[in-house]
Amino acid sequence: MDFHDSDAGRRIAYEFTPGTSPAVVFLGGYKSDMQGTKAVHLEDWAQATGRAFLRFDYSGHGASGGTFEDGCIGDWAEDAQSVIEAVTEGPVLLVGSSMGGWIALLLTQRLADIAGLVTIAAAPDFTEDGFWADFDKGQREAIMQDGQLALPSEYGDPYIITRRLIEDGRNHLVLRSALELPFPVRLLQGTADTSVHPDRALKLLDHAASPDMRLVLVDGADHRFSDADCLALIESSVEEVIARAEEDA
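Each residue of the sequence shown is one higher than the one before, counting from 1 in the UniProt record's numbering.
Following this line, the structure appears as structure tokens:
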């Protein structure tokens, strides 16, 4: 494991596998880390095929510095951009899982050379369309007055939703204005996902503009999207996007 110190003063833990271009970059979800099943599986695939690969922890996540509750979408997008630009060379293929799908969409508008994009249960704008939209009046008042709100999570400790997370999220929404993705895009989504409804994937498909974008719905797959079939689909989708990008080069 290595560490990158960003210009913003945040220490980001990462693992980089050298190899052929484009480098595949895995962007994890909200409160997830780079030790997750999908990230490690893709690293194993990259090492077996000689492909450059980067996985990392946002600040406040995993082995990186900082406190989770202090972070927000803008910070985590900056973390991702900083470590990608510091560690990789040439084009990158972004693989974004859940919140990482939102981060990846932000990065497509910031990074100089994107070969393609694969999202897994992408959750763009979830702070506004998920958290805030679902809060009742009392919860909204609590988060504005107290600065945070604890929500139960089926994945372990409660989610601490902060006022800063909500307000910063509004500065980084991607489904309210034109979203140009001029490269191959594959959107993967499980129909049994209770964290990110399949309608989200349909909305992204309808909203974004790409010359080669496809949505794959997997019947019965949940938000983890980590069984053997789902992992194989992620792998084949990455390979397909690389092949299409090379055809278009």
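Built from N, CA and C at the ideal position, the CB exists for glycine as well.
Cα-Cα, which of the options is closest to residue i?
| i | options | result |
| --- | --- | --- |
| SER21 | ARG10, ALA8, VAL40 and GLY50 | GLY50 |
| SER236 | ARG10, THR17 and TRP45 | TRP45 |
| ILE73 | ARG140, LEU179, LYS31 and ALA201 | LYS31 |
| GLY147 | GLU89, GLU167, PRO211 and THR191 | GLU167 |
| ASP219 | LYS203, HIS197, TRP102 and ALA208 | HIS197 |
| THR88 | ALA209, THR17 and TYR58 | THR17 |
| residue 251 | GLN47, ASP129, ILE84 and PHE135 | Look at the range of the chain in this structure, 1 to 249, and you will see that residue 251 is not part of it. |
| ASP248 | ILE234, PRO182 and ARG224 | PRO182 |
| ARG224 | SER195, LYS203, GLU246 and ARG10 | SER195 |
Tell me whether residue i sits in a helix, a strand or coil according to DSSP, three-state version.
| i | result |
| --- | --- |
| HIS223 | coil |
| PHE3 | strand |
| MET34 | coil |
| LEU165 | helix |
| ARG10 | coil |
| GLY66 | coil |
| GLY100 | helix |
| PHE135 | coil |
Please go through the same chain and pick out, in chain order, the residues whose beta-carbon is closer than 6 Å to the beta-carbon of residue i, but skip the five residues on each side of it.
| i | result |
| --- | --- |
| ASP125 | LEU173 and LEU175 |
| TYR159 | LEU151 and SER153 |
| ALA86 | HIS4 |
Can you list, in chain order, the residues of its chain with a C-beta nearer than 8 Å to that of residue i? Leave out the 5 residues immediately preceding and following it.
| i | result |
| --- | --- |
| ARG244 | GLY116, PRO184 and ASP212 |
| ARG214 | VAL185, ARG186 and LEU187 |
| ALA52 | PHE16, THR17, PRO18, GLY19, THR20, SER21, PRO22, ALA23, VAL24, ALA46 and THR88 |
| PHE135 | ILE143 and LEU149 |
Within its chain, find whatever has a CB closer than 7 Å to the CB of residue i; leave out the 5 residues flanking it on each side and keep chain order.
| i | result |
| --- | --- |
| LEU106 | ALA77, HIS172 and VAL174 |
| THR127 | ILE73, LEU165, ILE166 and GLY169 |
| THR162 | GLU69, GLY147 and GLN148 |
| VAL241 | LEU93, GLY116, VAL118, PRO184 and ARG186 |
| ARG11 | PHE3, ASP5, SER64 and GLY65 |
Report yes if the C-beta distance between residue i and residue j is below 9 Å; otherwise report no.
| i | j | result |
| --- | --- | --- |
| LEU54 | ALA23 | yes |
| ALA121 | LEU165 | no |
| LYS38 | PHE56 | no |
| ASP222 | ALA192 | yes |
| SER98 | GLY29 | yes |
| TRP102 | ALA123 | yes |
Which two residues bound the contiguous beta strand (DSSP E) that contains residue i?
| i | result |
| --- | --- |
| VAL118 | 114–120 |
| THR20 | 20–27 |
| VAL87 | Segment 73–87 is the alpha helix (DSSP H) holding VAL87; no beta strand (DSSP E) there. |
| ASP199 | Counting along the chain, ASP199 falls outside any beta strand (DSSP E), though it belongs to the alpha helix (DSSP H) covering 198–207. |
| ALA150 | 148–153 |
Does chain D have any CB closer than 9 Å to the CB of residue i?
| i | result |
| --- | --- |
| ASN171 | The question asks about chain D, but that chain is absent: this structure has only one protein chain. |
Does the ligand PLP have a heavy atom nearer than 8 Å to the CB of residue i?
| i | result |
| --- | --- |
| ASP113 | Absent from the structure shown: the ligand PLP. Ligands present: none. |
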